[in-house]
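First residue of the sequence shown? That's -14 in my numbering, and the numbers climb one at a time after it.
Positions of the beta carbon are idealized from the N, C-alpha and C atoms, including for glycine.
Note that this is a predicted model, so its numbers are computed, not measured.
Comments concern the structure below.
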Amino acid sequence: MPVTPQTQAPPSSSKVGDYEIVRKIGSGGIAEVYLARQPSLDRPVAIKILSARLTDDTDVRRRFDREALTIARLQHPNIVHVIDRGVADGRYYFVMHFVDGDDLRSLVRTRKLNVVEKVDIVVQCLKALDYAHKNGVIHRDMKPANILVDQDLNAHVADFGIAQLVDPDRAENTSTAVIMGTPAYMSPEQKVSTANVTQTTDIYSMGVVLYELLTGEKPQGHFRPVSRSSADIPQALDEVIYKALAQHPEDRDATAVEFKDAMLAALTRGGSAVDAQDNSTI
């Protein structure tokens, strides 16, 4: 997880299990994230600790454990890695690889990125999502705050807290009666019912992320083409984004890799001022 400038007090104990707490670096609805040290390997890690006020809530604990297990089953270079999980002194936690950088929302505020750097971050996320989808996991909350970017601009998808598991052999554990996600990045169908989301739901969310990266604003109503924001953005990319943001799931790219390939092809066809390459594998 990223280190933020704001330093906050650690838990009442400076140690959780075998991990030494350094400082708080993030928080959410049910947990806090701390920078910690793993003495056995002398390395920094990120540890996510369930809020003390929620430890007696069975459903919340199940969701917390489920997030750790979901991430642990996804071994991909662009997905944050889970190292360990456990309970110490009544505190539920899991430990993740520490990403020395920042979340994408904070990064774009402090570092000027060119068009290809922005597109490459989205490409990396789409590779991660394609892998997750093929392994039966729909993220359902893709947004800049859940994309961690290290110093070398390597992206890591994080926070699978409301991910949906698609497994025909067992019942889905995620509640579908409650609409979950972040409204500005949610697809139209997700705003209506969490029960019917598919992998195209994540594609829509990444379309919003890409549009926001390139224009500095979120697409709303009859939004303007991204090519009007910069001479470095080819018009060919407009149609790619319109497709990703289609109101009906069947009108979007069917897979994350299709969206990725269309995006890279648009940059190449459009004669962008910078060369877009896809050198890594899915």
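Can you tell me which residues form a DSSP beta bridge with residue i?
i, result
"TYR78", "ILE34, GLY71"
"ILE6", "ALA21"
"ARG28", "GLN23"
"ALA140", "VAL134"
"ILE123", "GLN149"
"LYS0", "GLU5"
"GLY11", "VAL18"
"ILE64", "VAL142"
Kindly indicate which residue of the options has the alpha-carbon position closest to the one of residue i.
i, options, result
"ASP41", "VAL1, GLU52, ARG76", "ARG76"
"LEU133", "HIS124, ASP88, GLY146, ARG22", "ASP88"
"ASP3", "VAL80, GLY13, ARG48, PRO62", "VAL80"
"GLU243", "MET191, LEU92, ARG213", "MET191"
"LEU138", "THR43, ASP105, GLU224", "ASP105"
"ASP217", "GLY13, ALA57, LEU98, ARG22", "LEU98"
"LEU150", "MET165, ILE123, PRO173, TYR170", "ILE123"
"SER12", "THR253, ALA130, GLY166", "ALA130"
"GLN232", "HIS207, THR253, LEU252", "HIS207"
"ARG254", "PRO234, GLU235, ILE56, ASP223", "ASP223"
"ASP187", "ALA57, GLY201, VAL211, GLY121", "GLY121"
"PRO234", "GLY166, GLU202, MET171", "MET171"
Can you tell me where the alpha helix (DSSP H) holding residue i begins and where it ends?
i, result
"ILE226", "221 to 229"
"ASP50", "43 to 57"
"GLY86", "Where GLY86 is concerned, there is no enclosing alpha helix (DSSP H), although the beta strand (DSSP E) it sits in stretches over 86 to 88."
"GLU197", "184 to 200"
"ALA316", "The question about residue 316 has no answer, for the chain in this structure spans -14 to 267."
"GLN175", "173 to 177"
When you compare only the Cα positions, how much space is there between residue i and residue j?
i, j, result
"GLU197", "ASP50", "32 Å"
"SER205", "SER178", "Before going on, a small fix: residue 205 reads as Gln here, not Ser. Whole-angstrom Cα-Cα distance: 20 Å."
"ALA72", "VAL30", "Rather than Ala, the amino acid found at residue 72 in this sequence is Val. Taking the straight line joining both Cα atoms gives about 17 Å."
"GLU157", "SER215", "At GLU157 the pLDDT is 43, less than 50, meaning the model places this residue with poor confidence; the figure from the coordinates comes in the next sentence. Roughly 44 Å between the two C-alpha positions."
"VAL18", "ARG96", "24 Å"
"GLN60", "ARG94", "30 Å"
"CYS110", "ARG209", "24 Å"
"ALA229", "LEU54", "29 Å"
"GLN271", "PRO24", "In the structure as shown, the chain starts at -14 and stops at 267, and residue 271 therefore has no counterpart that could be examined."
"LEU26", "PRO168", "40 Å"
"ASN181", "ARG125", "11 Å"
"ARG70", "VAL45", "16 Å"
"PHE195", "GLN220", "Here residue 195 turns out to be Leu, not Phe, going by the sequence shown. C-alpha separation (whole angstroms): 15 Å."
"LYS128", "GLN184", "15 Å"
"ILE267", "ALA117", "Note that ILE267 has pLDDT 41, beneath the 50 cutoff, so the model's placement of it is unreliable and the number below is only indicative. Spanning the two alpha carbons is a distance of roughly 11 Å."
"ILE226", "GLU102", "17 Å"
"HIS141", "ALA148", "16 Å"
"LEU20", "SER(-1)", "11 Å"
"ARG47", "LEU39", "11 Å"
"SER91", "ALA143", "15 Å"
"GLY86", "ASP74", "31 Å"
"GLU5", "ASP238", "45 Å"
"ARG22", "GLY146", "24 Å"
"VAL193", "ARG8", "32 Å"
"VAL84", "PRO62", "12 Å"
"LYS119", "ARG213", "35 Å"
"LYS245", "THR43", "39 Å"
"TYR78", "ARG58", "17 Å"
"HIS82", "MET165", "26 Å"
On the premise that residue j lies in contact with residue i, defined as a C-beta separation below 8 Å, what is that separation, rounded to the nearest angstrom?
i, j, result
"ALA241", "ASP115", "4 Å"
"ILE32", "VAL65", "With 8 Å as the limit, ILE32 and VAL65 do not qualify as a contact, their Cβ atoms being about 12 Å apart."
"ILE15", "SER36", "6 Å"
"VAL108", "LEU249", "7 Å"
Mind checking whether the beta-carbon of residue i lies closer than 7 Å to any heavy atom of the ligand GDP?
i, result
"ASP137", "Judged by which ligands are present, the structure shown has none, so any question about the ligand GDP falls away."
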